[in-house]
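Protein chains: 2
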Amino acid sequence: MGSRWGINRTVGQIYALLYISGRPLPADEIAEALNFSRSNVSMGLKELQSWRLVKLQHLAGDRREHFSTPDDVWQIVRILAEERRRREIDPTLSVLRDLLLMKPGNEDEREIQGRLAEMHDLIELLTRWSEDVQKLETQQLTQLLRLGGGIIRLLDLKNSLPLLGSKRRKTPQPATEDGLDED
Amino acid sequence: MGSRWGINRTVGQIYALLYISGRPLPADEIAEALNFSRSNVSMGLKELQSWRLVKLQHLAGDRREHFSTPDDVWQIVRILAEERRRREIDPTLSVLRDLLLMKPGNEDEREIQGRLAEMHDLIELLTRWSEDVQKLETQQLTQLLRLGGGIIRLLDLKNSLPLLGSKRRKTPQPATEDGLDED
DNA sequence: TGGTCTTTTCAGTAAAGACTGAAAGTTTTG
DNA sequence: CAAAACTTTCAGTCTTTACTGAAAAGACCA
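So the protein sequences, as listed, match chains F and G.
Position 28 of the first sequence, counting from 1, maps to 28 under the working numbering, and the rest follow consecutively.
Numbering-wise, the working numbering comes out as the position in the second sequence, counting from 1, plus 183.
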């Protein structure tokens with residue numbers, strides 16, 4: 001299914017099995033259920049652990065290690081977002097920043113840096129935003145998402161309220177502690 | 184760099200070159216610049232076209248086909264989101280729905296369907312939301328993103344306004360045309 | 001229409017990635 | 001501390017994917 005998401009087919013199948021089975025499974029049961037070699041399962045689980053997508057636990061009266069997925073789907077989303085950021089986004093941003101630090105040797109290079117900067121800012125904006133909303137309570141997050149495009153009405157509302165408008169005021173106002181302005 | 188994003192390394196390099204060069208390039212210049220065979224470039228461009236990430240154009244006085252990326256970075260994000268949805272998300276949702284339509288044969292299967300339903304609803308919520316906000320003007324979109332976690336204050340504000348509260352009221356209210364409620 | 005320039009296709013090959021079984025490693029237990 | 005129970009590692013093999021050059025196909029022009 002979603003086997004093109006940086007994680008391979010086998011690993012995806014293992015994860016899916018753990019997710020739907022809803023209880024901790026030992027490696028050999030996974031191998032049997034999916035008809036993989038024991039060592040393949042071992043490697044898959046190792047990768048899933050490195051993504052923090054499964055956790056290991058010991059069940060009373062059984063010496064084998066058991067694995068399970070987080071029980072909250074939102075938790076899965078949060079972890080995935082964090083890991084992808086750490087592994088893919090951050091290194092990309094870092095390379096972009098390095099390139100932007102170089103002195104452009106000529107007009108062409110200056111233009112290229114301009115385009116790289118645009119890309120950098122875009123990625124950073126998206127990343128920061130996702131990081132921010134991931135921190136919200138699940139309850140708040142779902143409310144926000146359910147609002148969908150309707151969110152724009154809230155923004156309009158905000159812009160129409162003089163003290164909360166998004167434009168910087170020329171004369172300093174008394175601090176309102178509402179923090180709706182953004183730098 | 185981001186070569187693990189469902190698109191292979193070669194294709195990524197071609198796209199990056201087109202993006203930073205900022206002008207339409209013919210296939211043979213790409214092949215020369217990146218040291219790929221002409222046929223490899225041809226295939227890469229074909230894939231990029233199928234993703235609608237490059238467009239073909241003819242330049243006066245040159246018989247060769249030239250390719251370029253959209254000039255607006257936001258446009259790139261929008262196209263990427265749409266295509267990924269079409270290719271990956273929608274088929275996944277469709278499979279999930281099919282599974283949910285099946286009558287559970289026993290208690291275990293019922294539980295599994297429950298978990299699949301949770302996943303389905305999560306994906307659908309995220310997808311719908313992203314679809315919705317992609318439709319916003321770039322200007323509005325950036326405002327929203329820049330707000331980051333601060334968005335929660337707007338939600339709180341909304342919840343505190345009696346006529347706009349997110350809870351359904353028991354007695355029907357006169358229509359306010361604000362549409363902030365969501366079904 | 002034939003000739004020139006350009007792009008696409010495709011069969012074969014090269015490279016990358018996934019999977020396995022055997023062996024080594026680790027932990028628990030009598 | 002040795003045997004038993006379990007897990008990990010890794011070299012070799014199998015499978016999948018990427019890339020190439022040669023040939024075919026298409027477009028334009030005289």
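Just so you know, even glycine gets a beta-carbon here, dropped at the ideal spot from N, CA and C.
Note that the structure is predicted; figures quoted are calculated from it, not measured.
Is it buried or exposed for residue i, if we count other Cβ within 10 angstroms and need 16 for buried?
i: histidine 120 of chain F; result: buried
i: threonine 252 of chain G; result: buried
i: lysine 341 of chain G; result: buried
i: glycine 227 of chain G; result: buried
i: valine 11 of chain F; result: buried
i: proline 91 of chain F; result: exposed
i: valine 237 of chain G; result: buried
i: leucine 100 of chain F; result: exposed
i: alanine 152 of chain G; result: There is simply no residue 152 of chain G to check, as chain G begins at 184 and stops at 366 in what is shown.
i: leucine 56 of chain F; result: exposed
i: arginine 192 of chain G; result: exposed
By the three-class DSSP mapping on this structure, what secondary structure does residue i have?
i: lysine 350 of chain G; result: Its pLDDT being 46, under 50, lysine 350 of chain G is placed unreliably in this model, and the coordinates cannot settle the point.
i: proline 207 of chain G; result: coil
i: serine 37 of chain F; result: coil
i: glutamate 109 of chain F; result: helix
i: tryptophan 188 of chain G; result: coil
i: proline 287 of chain G; result: coil
i: lysine 46 of chain F; result: helix
i: alanine 117 of chain F; result: helix
i: glutamine 140 of chain F; result: helix
i: proline 355 of chain G; result: The predicted model places proline 355 of chain G with a pLDDT of 46, which falls under 50 and marks its position as unreliable; any figure quoted below should be read in that light. In the structure shown, proline 355 of chain G sits in coil (DSSP, three-state: anything other than H, G, I, E or B).
i: proline 91 of chain F; result: helix
i: glycine 61 of chain F; result: coil
i: lysine 135 of chain F; result: coil
i: isoleucine 259 of chain G; result: helix
i: leucine 363 of chain G; result: Confidence at leucine 363 of chain G is low in this model, with a pLDDT of 34, below 50, so its placement is unreliable and no value can be given for it.
i: glycine 12 of chain F; result: helix
With distances taken from CA atoms, which of the options is nearest residue i?
i: valine 73 of chain F; options: F:Arg153, F:Tyr19, F:Leu45 and F:Leu157; result: F:Tyr19
i: leucine 141 of chain F; options: G:Ile335, G:Asp315 and G:Gln323; result: G:Ile335
i: isoleucine 79 of chain F; options: F:His58, F:Arg52 and F:Lys46; result: F:Arg52
i: glutamine 317 of chain G; options: G:Leu284, G:Gln258 and G:Arg280; result: G:Gln258
i: aspartate 156 of chain F; options: G:Ser343, G:Asp339 and G:Gln326; result: G:Gln326
i: glutamate 124 of chain F; options: F:Met102, F:Leu96 and F:Arg9; result: F:Leu96
i: arginine 329 of chain G; options: F:Trp5, F:Val77 and F:Asp132; result: F:Asp132
i: valine 77 of chain F; options: G:Trp188, G:Leu305, G:Met285 and G:Leu337; result: G:Leu305
i: glutamate 266 of chain G; options: G:Glu230, G:Phe219 and G:Ser220; result: G:Glu230
i: arginine 246 of chain G; options: G:Ala216, G:Asp254, G:Asp211 and G:Glu215; result: G:Asp211
i: leucine 276 of chain G; options: G:Glu301, G:Pro287 and G:Glu290; result: G:Glu301
i: aspartate 254 of chain G; options: G:Ala199, G:Ser343 and G:Trp188; result: G:Ala199
Per DSSP, which residues does residue i bridge with? Please list them.
i: lysine 55 of chain F; result: F:Ser68
State the CB to CB distance for the pair residue i and residue j, rounded to an integer number of angstroms; the pair is presumed to be in contact (CB under 8 Å).
i: valine 41 of chain F; j: isoleucine 14 of chain F; result: 7 Å
i: leucine 299 of chain G; j: histidine 249 of chain G; result: In fact, because the Cβ distance is near 47 Å, the residues do not count as touching under 8 Å.
i: glycine 332 of chain G; j: leucine 136 of chain F; result: 7 Å
i: threonine 321 of chain G; j: isoleucine 272 of chain G; result: Not a contact, Cβ separation roughly 23 Å.
i: glycine 22 of chain F; j: glutamate 292 of chain G; result: 12 Å between Cβ atoms; not a contact.
i: arginine 50 of chain F; j: alanine 81 of chain F; result: Looking at the sequence itself, residue 50 of chain F is serine, so the reference to arginine does not match. Contact flag wrong, Cβ pair sits at about 16 Å.
i: leucine 154 of chain F; j: leucine 337 of chain G; result: 5 Å
Closer than 6 Å: is that where the CB of residue i sits relative to any heavy atom of the ligand ATP?
i: arginine 52 of chain F; result: Of the ligands one can find in the structure shown there are none, so the ligand ATP has no counterpart to examine.
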